[in-house]
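In our numbering, the protein residues as written are 2 to 264.
Glycine residues also receive a C-beta, built at the ideal position from the N, C-alpha and C atoms.
Please read all numbers here as calculations on a predicted model, not as lab measurements.
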């Protein structure tokens, strides 16, 4: 059943080519736009309040990444979520560095509270901090295991009526109905900046076609990373090869590689 969901969602993304609006950080704009294009979606990077109402009327989903917060972008993020709500569009929240500063933590929680149709995608330390538990982070890097964040993820699911994706050596996808562990990907992936941010953007593409759990996007991205790493000498070539793998990924390869368990 899960395999069918993942395959069907990938086909829908490639057929429908949904427009995904990204308010994301300066570091990863190019990476995330290319990941969306490679998987079959259409990216737009926009943070202007002046066009956001119009943008969300025809876009498929909104992705908000708080990696480079400032006094201009922050109110624009709240306005964008309001427009997504008004147009019944899903919101993917990437709480980058949540727990590192009070500003990041409070902003992530306020955005989550505001969003009607929400997926949270973060690393273990970000998820733990967002739930109000004590996390171990170093800037935007996680020092907690993804398994250690499961109770925090479930608390967030209950608090915000959302789905949560925990990225790590094992990825976990937590919804009200189920928890799945995904053991794809590669140990080299954390050495490329913006990997998690790119997954958040791709999660927006899948949400735009109706797969709002985060499961399909997480599986597809991890499998692409696994394939890309097998062809790479290091992080530089991995970034390129992952995009190629996303673009070339077919149903048979997904089925062959998918390593998923229900917890």
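Check your understanding: From the beta carbon of residue 222, is the nearest beta carbon of chain C less than 8 Å away?
Key -> The structure shown has no chain C; it contains just one protein chain.
Exercise for review: Determine the direct distance from the alpha carbon of residue 14 to that of residue 140, and round the result to whole angstroms.
Suggested key: For residue 140, the predicted structure reports a pLDDT of 47, less than 50, and the residue's modelled location is therefore unreliable. The matter cannot be settled from this model.
Review point. Would DSSP call residue 263 helix, strand or coil?
Key: strand
**Study point:** DSSP beta-bridge partners of residue 123
**Key:** 167
Check your understanding: Going by Cα to Cα distance, which pick from 6, 100, 204, 43 is closest to residue 120?
Key -> 204
Check your understanding: Just to confirm, are residue 91 and residue 208 a CB contact at a threshold of 8 Å?
Key -> yes
Practice item. Using beta-carbon positions only, say whether residue 216 and residue 8 come within less than 8 Å of one another. Key: no
Check your understanding: Cα-Cα, which of 170, 161, 104 is closest to residue 176?
Key -> 161
Exercise for review: Can you tell me the Cβ-Cβ gap for residue 82 and residue 115, rounded? I've got them flagged as a contact below 8 Å.
Suggested key: 5 Å
Point to revise | Residue interval of the beta strand (DSSP E) (run including residue 95) | key: 92-95
Point to revise | Neighbour-count burial assignment, residue 27, 16 or more Cβ in a 10 Å radius | key: exposed
Review point. For residue 180, which three-state DSSP category applies?
Key: strand
Practice item. Would you kindly work out how many angstroms separate the C-alpha atoms of residue 29 and residue 194, rounded to a whole number? Key: 7 Å
Review point. With DSSP run on the structure shown, which of helix, strand or coil describes residue 20?
Key: strand
Review point. Expressed to the nearest angstrom, what Euclidean distance is found between the alpha-carbon atoms of residue 19 and residue 60?
Key: 7 Å
Review point. If you check the beta carbons only, do residue 99 and residue 134 fall under 8 Å apart?
Key: no
Practice item. Whole angstroms is fine: what's the gap from residue 97's alpha carbon to residue 171's? Key: 19 Å
Review point. From this set, 5, 50, 65, which residue's C-alpha is nearest residue 21's C-alpha?
Key: 65
Check your understanding: What residue from 262, 200, 74 has the CA that sits closest to residue 183's CA?
Key -> 262
Check your understanding: If you count every other CB in all the chains shown that lies within 10 Å of the CB of residue 104, and 16 or more means buried, which is it?
Key -> exposed
Check your understanding: If you draw a straight line from the alpha carbon of residue 1 to that of residue 109, how long is it in whole angstroms?
Key -> What is shown of the chain runs 2 to 264, which leaves residue 1 out entirely.
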